[in-house]
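> Shown below is the structure under consideration.
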Amino acid sequence: MPEERKESLDFVRSIVVDDLKNDKHGGAVVTRFPPEPNGYLHIGHAKAICIDFGIAAEFNGNCHLRMDDTNPTKEDLEYEDSIKQDVSWLGWKWSDNKVYYASDYYEQLYQYAVELIKRGKAYVCDLSQDDLKEHRGSLTEAGLESPYRSRSIEDNLDLFERMRRGEFPDGSKTLRAKIDMNSPNIHMRDPAIYRIRHTSHHRTGDTWCIYPMYDFAHCLSDSIEGITHSICTLEFEIHRPLYDWFLDALECKCHPQQIEFARLNLSYTVMSKRKLLELVKSGLVNGWDDPRMPTICGLRRRGYTPAAIRKFCDIIGVTKYNSLTDIALLEHCVREDLNKTAPRIMAVMNPLKVVIENFPEGQVEELEGVINPEDPEMGSRKLPFTRELYIDRNDFMEEPPKKFFRLAPGREVRLRWGYFILCKEVIKNADGEIIELRCTYDPETRGGSAPDGRKVKGTIHWVSASHSIKGEARIYDRLFSVEIPGVDKDVDWKDQLNPDSLAIKPVYLEPSIDGVKPGYTCQFERQGYYCLDPDSTPEKPVFNLTVSLKDTWAKIQQKE
Ligand code: ATP
Ligand code: MG
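For what it's worth, the numbering used here labels the leading residue of the sequence shown as 230, then goes sequentially.
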């Protein structure tokens with residue numbers, strides 16, 4: 230990385246640059262992303278992924294994907310597979326073409342624990358879970374030493390081995406580090422490093438009935454793998470002394486530096502895996518990949534692109550200050566990206582029939598629309614023009630207010646990629662509901678301009694009534710109706726879900742989308758970006774709203 234870029238570097242990259250300059254790790258940069266396979270990854274993880282993999286890539290280093298699988302009760306192969314899929318989809322390659330597992334180090338970690346005992350720095354404690362809590366003290370009170378703290382090294386070695394062999398029931402003993410019950414940092418008050426859990430692990434089966442605690446397993450896994458910079462979120466700052474203590478106590482040759490950054494908090498959603506799991510389990514959303522979820526798979530199904538998510542992570546940057554990021558920024562990023570890449574189609578949601586009186590019945594004229602005005606190389610698409618069309622009901626008003634420039638009785642409007650049409654007559658049913666507009670078109674205006682130079686102010690989208698494809702649009706809004714769900718402790722966060730987060734509407738689609746595959750993303754002109762959902766069938770395409778275009782009309786209405 231060139232020196233002059235340092236000014237604009239975030240604090241993590243500055244540390245890496247300094248370390249390289251001082252040859253701190255012999256010129257190596259090795260990071261890791263250590264998810265616990267107990268849930269699906271979300272947009273917060275994407276931030277961590279972009280930092281861990283991004284820094285490794287920028288400095289010619291390596292980033293390990295490591296499953297932090299030390300808790301056998303909550304982990305699952307399904308989660309592991311989804312993690313790999315999501316990291317790849319975001320565009321990152323884990324190094325050495327292999328996935329690392331904390332569970333692969335169980336034997337090594339066990340030996341490290343034995344070594345700690347031999348050094349007089351760990352002991353087997355028989356206090357119950359409740360007693361342990363009691364002895365821990367509080368922020369204002371020192372802790373109490375365990376009566377088992379002074380057990381001999383021989384006894385400790387013997388008991389620890391018997392713990393491993395399965396001689397004791399769950400919760401009856403723990404192995405604890407012998408540090409300092411008076412430390413102002415509660416994490417340093419003789420923390421547990423092994424607990425007994427007679428539970429099968431999804432990778433190691435029944436080989437183990439004792440499992441290492443996070444703080445012990447994590448720093449040693451980092452050290453075993455030769456990690457140089459162990460980047461994590463701020464809540465681990467207070468664990469850092471313990472991270473360093475284990476590595477010092479065991480005189481590990483590789484002592485990575487733990488660096489903490491502020492996690493991503495995003496408005497109108499939740500990011501706790503516990504809460505996301507609850508939403509899935511209680512059926513409040515349709516699975517982990519429900520397009521309203523902040524999960525990577527949810528965003529993918531919604532039509533988000535890896536480029537948009539990476540751009541978002543780039544913009545939010547890396548700091549040490551906790552803050553709330555506006556979800557509108559994420560939406561902005563995907564809008565910008567899709568604007569450049571997404572083909573345009575016309576789609577009518579609230580159809581109002583228009584009959585072009587001077588266009589012959591049964592005739593089909595082929596018009597042409599540009600696929601993406603941002604990218605002329607994408608070419609054009611064919612648009613069948615027929616006597617009966619659909620336009621959106623919202624594009625017509627019988628008594629238009631001042632700034633309404635779309636269709637109204639006696640008014641002329643431009644059909645996108647087509648002709649000027651003039652509204653001659655409004656047909657209503659017995660209830661007074663408008664059911665049809667009778668219009669004429671001006672054959673001289675093909676392509677959208679009049680040879681006599683007359684102007685129209687509005688352009689509206691349309692489809693041929695006979696040649697459109699009927700599908701379903703799933704229109705999503707924010708998952709929650711409040712900025713920070715759960716911040717008000719008197720209200721159940723689940724009661725703050727937005728009841729209007731999903732609306733399903735029939736939609737009439739331009740025939741050029743025939744045959745597209747799930748994942749296909751396009752812009753419904755004048756409306757928003759939509760992505761074809763896997764629930765689609767050849768008979769009925771289903772489109773998810775990725776993000777809407779900004780609606781200037783709604784803004785004017787709001788102001789008035
Ligand atoms: P848990 O409560 O289950 O520990 P977690 O969100 O911390 O949940 P992990 O699988 O442990 O999940 O996270 C893997 C990595 O992602 C960790 O390094 C963690 O710091 C980081 N991470 C998690 N949530 C966020 C977030 N909102 N913003 C940035 N990084 C995050
Ligand atoms: Mg975690």
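Note that beta-carbon positions come from the ideal geometry of N, C-alpha and C, so glycine has one too.
Owing to the predicted nature of the structure, the values given are computational and were not obtained by experimental measurement.
1) Tell me, please, whether the stretch 527-541 touches the stretch 551-567 by the rule of three or more beta-carbon pairs shorter than 8 Å.
2) Within the same chain, show all residues whose beta-carbon is closer than 6 Å to that of S311, passing over the 5 residues directly before and after it, in chain order.
3) Between L356 and W318, what straight-line distance do the alpha-carbon atoms span, to the nearest angstrom?
4) In whole angstroms, what is the alpha-carbon distance linking I244 and I460?
5) State buried or exposed for D660, treating a residue as buried only when at least 16 other CB atoms are found within 10 Å of its CB.
6) Rounding to the nearest angstrom, what Cα-Cα distance links L506 and I713 in this structure?
7) Starting from R755, trace the alpha helix (DSSP H) in both directions and tell me its first and last residue.
8) Nearest chain B C-beta to S401 closer than 8 Å, yes or no?
9) Should Y648 go down as buried or exposed, given a rule of 16 or more other Cβ atoms within 10 Å for buried?
10) According to DSSP, simplified to helix, strand and coil, what is P770?
11) Taking DSSP as the reference, what is the three-state secondary structure of W321?
12) Quick check on this structure: which residue in I278, H271, R667 and D239 has the alpha carbon closest to the alpha carbon of K582?
13) Is the closest heavy atom of the ligand ATP to the C-beta of L795 under 7 Å?
14) Give me the DSSP bridge partner(s) of A732.
15) Contact between the stretch 524-539 and the stretch 464-476 is defined here as three or more beta-carbon pairs at a separation below 8 Å; is this criterion met?
16) In chain order, what residues of the same chain lie with their CB nearer than 6 Å to the CB of K569, ignoring the 5 residues before and after it?
17) In whole angstroms, what is the alpha-carbon distance linking T548 and V241?
18) Are the Cβ atoms of V577 and V692 separated by less than 8 Å?
19) For F262, report the span of its alpha helix (DSSP H) as first-last.
20) For H416, verify whether its CB is less than 7 Å away from any heavy atom of the ligand ATP.
21) Tell me which residue opens and which closes the beta strand (DSSP E) that P580 is part of.
22) Does the Cβ-Cβ distance between Y341 and L449 come in under 8 Å?
23) At the level of alpha carbons, what is the spacing between M296 and K482?
24) Within the chosen definition, does the stretch 674-692 reach the stretch 715-731 through at least 3 CB pairs nearer than 8 Å?
25) Expressed to the nearest angstrom, what Euclidean distance is found between the alpha-carbon atoms of L612 and D681?
26) Less than 8 Å between the C-beta atoms of Y440 and N300, yes or no?
Taking the coordinates as given:
1) yes
2) For S311, where only same-chain residues beyond five positions count, the Cβ hits under 6 Å are Y269.
3) 47 Å
4) In this structure, the straight-line span from the alpha carbon of I244 to that of I460 is close to 11 Å.
5) exposed
6) CA-to-CA, the gap between L506 and I713 works out to about 18 Å.
7) Where R755 is concerned, there is no enclosing alpha helix (DSSP H), given that its DSSP letter is neither H nor E.
8) Checking the listed chains, one finds no chain B in this structure; it contains a single protein chain.
9) buried
10) Of the three classes helix, strand and coil, the one that applies to P770 here is coil, per DSSP.
11) coil
12) With distances taken between CA atoms, K582 lies nearest to R667 out of I278, H271, R667 and D239.
13) Limits of the chain in this structure are 230 at one end and 789 at the other, which puts residue 795 out of reach.
14) I704
15) no
16) E603
17) Using only the alpha carbons, I get a separation of about 8 Å.
18) Their beta carbons are under 8 Å apart, which means V577 touches V692 by this criterion.
19) From DSSP, F262 is part of no alpha helix (DSSP H) but of the beta strand (DSSP E) over V259 to F262.
20) no
21) P580 to I585
22) yes
23) Their backbone Cα atoms lie some 23 Å apart in a straight line.
24) no
25) 25 Å
26) yes
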